[in-house]
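2 protein chains.
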Amino acid sequence: MLQASQVLSEEGPLVAEALPGYLPRADREAGDLDAAIRHATQGGKRLRGVLVRHAAATFGLDPELVMPTACAFEMLHAATLVHDDLPCIDDSDLRRGRPSCHAAFGEFTALLAGDALIIGAFEALAVQAETVDAAAAIQVVREFAQFTGATGLIGGEQADIISEDLPPDADLLRYIHINKTAKLICAACRAGAILAGAPADGLQTMTDYGMAVGLLFQVTDDLLDVTGDEAVVGKPVGADDEAGKQTYPGVWGLSGAQEEARRLAAEAAAAAAELPGETEFWTSLPDLVVNRDK
Amino acid sequence: MLQASQVLSEEGPLVAEALPGYLPRADREAGDLDAAIRHATQGGKRLRGVLVRHAAATFGLDPELVMPTACAFEMLHAATLVHDDLPCIDDSDLRRGRPSCHAAFGEFTALLAGDALIIGAFEALAVQAETVDAAAAIQVVREFAQFTGATGLIGGEQADIISEDLPPDADLLRYIHINKTAKLICAACRAGAILAGAPADGLQTMTDYGMAVGLLFQVTDDLLDVTGDEAVVGKPVGADDEAGKQTYPGVWGLSGAQEEARRLAAEAAAAAAELPGETEFWTSLPDLVVNRDK
């Protein structure tokens, strides 16, 4: 296997290239809906899709076979960004350096494009059953829903919004970031492993790894909002603080947040060392996350 | 079997009673999200859930076994109502005679509750695999996504919005109502049949029936908006006309729409007569839909 940076730069584009084939195709009667769906799914590193592929490969399944599931994760992720950007939540006109979906297509179209992407993600998870066992595919559907819905990402998003302007609270911060960010990344690691028929202990290691890297991803995201370069990050810097968000630097201070990032990176590396086969992708990914500039 | 009116009044409450058990449970950190999800899923006749049950029974499967799927249809239906009512679409403060979700809980909570209900619907479809074959369950996930997403309900919703104030257009009207309303009702009939292992010809009959009844449901909905009693219907009457919506009375006139309702009822009855076993529920449902007052 290769360094995570090389893998992401090689395989991210593969996921991006496959994605349009799994997106739902809205009819012309639905006007801009199709264009909005495509707009919303452009850009990004495709980390979640690459994680699905690599988890499958780690447990012996050809990563090309899990492309529908890899694309499902990208669709769900895109959907949550579209809805987060809406005026009633973050009211953000900029996403990945381009107009957000509602800035480009209007509010109701963005709302419905997000809905269509959530539903499209599940359609892709079902298409996965063409190439893997139906029981594994349906298990992924179930977990994906649990990790992304009210008991996961959506619940974390709601907690994130309503905790704005509350005093810094370490427990609440952890709840928000586990649910809003870490669970989707963890679910991507688990999904690839489940589809590959990973044994229970391997799946547990993948879970530990995914949660640690997922939290690490959010800690560095919080740090970039303080220390990042707006032109590189692709969105306004300092927005978390302005919005009164619960963040790692806000709760732990800058050096405390950096220390937490190192701790999570070590936790992920320890889990990675227990995975079967070549583990260089998994062991090098935490450093890449810590050192990213966007 | 029994008359559709009796079945709905007996089985609708069974679906309503089972539904909370399949709703996702948001944590207390997510504030009102859990209450908003529950608020959004109250009320209604539970027609779609009852259709799932009856389609299963028609093809020999105990309807109690398909309750997760029945509840999934109710969740998705509730989610679309929550999002439709939002300020950027219908801006409706009233739903089923009660405050709409955003009127009761605010806009971002309603947006996220709708998202959580869409995702929760798929979770329930996956839970279905505990009691039926995983291949049948995953087929239902796939169809449910196709019938509700950009190629179905969501696409129809977008077409409905953007066609407001356009001149009456029979083809566009049909597109909207097939996608926005008929496909979910048809999918409910198909889902029960698929889970019961219906043969291909039975599934086709169920499809023909579901599309006819689904369109009939929308024609009578349009008619109620013209001729209904606001106190009974539970939402403002005349709203379609005010919003410049494409409607059956708008395209075909009042008597033309009533004629179309009779034609669709006859089409559904013809399909019902080909179904196996006792068909009284199926044959009597079209009349019930035509004669409803809400």
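Sequences listed follow chains E and Z, in order.
Note that the first sequence covers residues 0 to 293 in numbering that gives the first Met the number 0.
Note that the second sequence covers residues 0 to 293 in numbering that gives the first Met the number 0.
Think of the CB as a built atom: it goes at the ideal place given N, C-alpha and C, for glycine as much as any other residue.
Which residues in chain Z sit within 8 Å of residue i, going by Cβ to Cβ distance?
i: His82/E; result: Leu110, Leu111 and Asp114
i: Ile36/E; result: Ala149
i: Ala136/E; result: Ala133 and Ile137
Which value, in whole angstroms, describes the spacing of the CA atoms of residue i and residue j?
i: Ser254/Z; j: Phe146/E; result: 51 Å
i: Leu50/E; j: Cys70/Z; result: 32 Å
i: Ala260/E; j: Val289/E; result: 7 Å
i: Phe121/Z; j: Gly237/Z; result: 35 Å
i: Gln354/Z; j: Asp164/Z; result: There is simply no residue 354/Z to check, as chain Z begins at 0 and stops at 293 in what is shown.
i: Glu156/Z; j: Ser4/E; result: 42 Å
i: Ala55/E; j: Leu124/E; result: 15 Å
i: Val81/Z; j: Leu110/Z; result: 7 Å
i: Ala187/Z; j: Glu241/E; result: 47 Å
i: Ala115/Z; j: Arg24/Z; result: 10 Å
i: Ile137/Z; j: Ile137/E; result: 6 Å
i: Val140/E; j: Ala134/E; result: 10 Å
i: Pro86/E; j: Gly42/Z; result: 29 Å
i: Gly227/Z; j: Gly96/Z; result: 14 Å
i: Asn178/Z; j: Gly113/Z; result: 19 Å
i: Asp33/Z; j: Leu93/E; result: 30 Å
i: Ala39/E; j: Leu152/Z; result: 20 Å
i: Gln127/Z; j: His53/Z; result: 16 Å
i: Ala149/E; j: Met74/Z; result: 13 Å
i: Gly298/Z; j: Gly11/Z; result: This structure leaves residue 298/Z out entirely; chain Z is present only between 0 and 293.
i: Glu142/Z; j: Gly191/Z; result: 12 Å
i: Met66/E; j: Leu13/E; result: 9 Å
i: Asp170/E; j: Leu1/Z; result: 55 Å
i: Thr206/Z; j: Ala197/E; result: 39 Å
I need the boundaries of the alpha helix (DSSP H) containing residue i, first residue and last residue.
i: Leu171/E; result: Ala169 to His176
i: Asp84/Z; result: Met66 to Asp84
i: Leu60/E; result: Looking at the DSSP string, Leu60/E is not in any alpha helix (DSSP H), and its letter there is neither H nor E.
i: Arg291/E; result: No alpha helix (DSSP H) contains Arg291/E, which DSSP labels as neither H nor E.
i: Lys182/Z; result: Lys182 to Leu194
i: Arg37/E; result: Leu32 to Ala39
i: Ser254/E; result: Tyr247 to Ala271
i: Asp239/Z; result: Ala238 to Ala242
i: Arg141/Z; result: Ala133 to Thr147
i: Asp224/Z; result: Ala199 to Thr226
i: Ile160/Z; result: Leu152 to Ile161
i: Leu116/E; result: Glu106 to Val126
i: Ala29/E; result: Per DSSP, Ala29/E belongs to no alpha helix (DSSP H) and is neither H nor E.
i: Pro12/E; result: Ala3 to Tyr21
Tell me which residues share the same chain as residue i and place their Cβ nearer than 6 Å to its Cβ, disregarding the 5 neighbours each side in the sequence.
i: Asp31/E; result: Phe104 and Thr108
i: Gly213/Z; result: Thr180, Ala181, Ile184 and Cys185
i: Met210/E; result: Ala181 and Cys185
i: Leu64/E; result: Thr130
i: Ser91/E; result: Asp84 and Ser99
Mind listing the chain E neighbours of residue i? Cutoff is C-beta to C-beta under 7 Å, in chain order.
i: Val218/Z; result: Result: empty, since nearest Cβ-Cβ is about 19 Å, beyond 7 Å.
i: Phe121/Z; result: Phe121, Val140 and Ala144
i: Gly154/Z; result: Ala25, Asp26, Ala29 and Leu32
i: Phe107/Z; result: Cys87, Ile88 and Ile160
i: Ile117/Z; result: Asp114, Ile117 and Ile118
i: Leu171/Z; result: Glu28
Residue i touches chain Z at which residues, Cβ-Cβ below 9 Å?
i: Arg52/E; result: Chain Z residues near Arg52/E: none, gap ~21 Å exceeds 9 Å.
Strictly below 8 Å CB to CB, what residues from chain E border residue i?
i: Gly213/Z; result: Ordered by position in chain E, no residue passes the 8 Å Cβ test against Gly213/Z, which lies about 17 Å from the chain.
i: Gly30/Z; result: Gln157, Ala158 and Ile161
i: Tyr21/Z; result: Within chain E, no residue comes near Tyr21/Z; the closest Cβ sits about 11 Å away, beyond 8 Å.
So residue i packs on residue j, CB below 8 Å; how close in whole Å?
i: Arg45/Z; j: Ala15/Z; result: 6 Å
i: Glu279/Z; j: Tyr174/E; result: Not confirmed; about 52 Å, so no contact.
i: Leu222/Z; j: Ala256/Z; result: 6 Å
i: Gly154/Z; j: Asp26/E; result: 6 Å
i: Ile36/E; j: Ile117/Z; result: Their Cβ separation, rounded to whole angstroms, is 15 Å, which puts Ile36/E and Ile117/Z out of contact at 8 Å.
i: Gln217/E; j: His176/E; result: 4 Å
i: Leu60/Z; j: Leu194/Z; result: 6 Å
Leaving out the 5 sequence neighbours to the left and right, which residues in its chain are closer than 7 Å to residue i when beta-carbon positions are compared?
i: Ile160/Z; result: Ile88
i: Gly276/E; result: Thr57
i: Pro285/Z; result: Val212, Leu215, Ala264, Ala267 and Ala268
i: Trp281/E; result: Tyr208, Ala271 and Leu274
i: Val225/E; result: Pro248 and Leu253
Got a sec: is the Cβ-Cβ distance from residue i to anything in chain C below 9 Å?
i: Val126/E; result: Reference to chain C is not applicable here, since the protein chains of this structure are E and Z.
Which bits of chain Z does residue i rub up against, with CB to CB less than 7 Å?
i: Tyr174/E; result: Glu28
Using a C-beta to C-beta distance shorter than 9 Å, which residues of chain E count as neighbours of residue i?
i: Ala56/Z; result: None at all; the shortest Cβ gap to chain E is about 23 Å.
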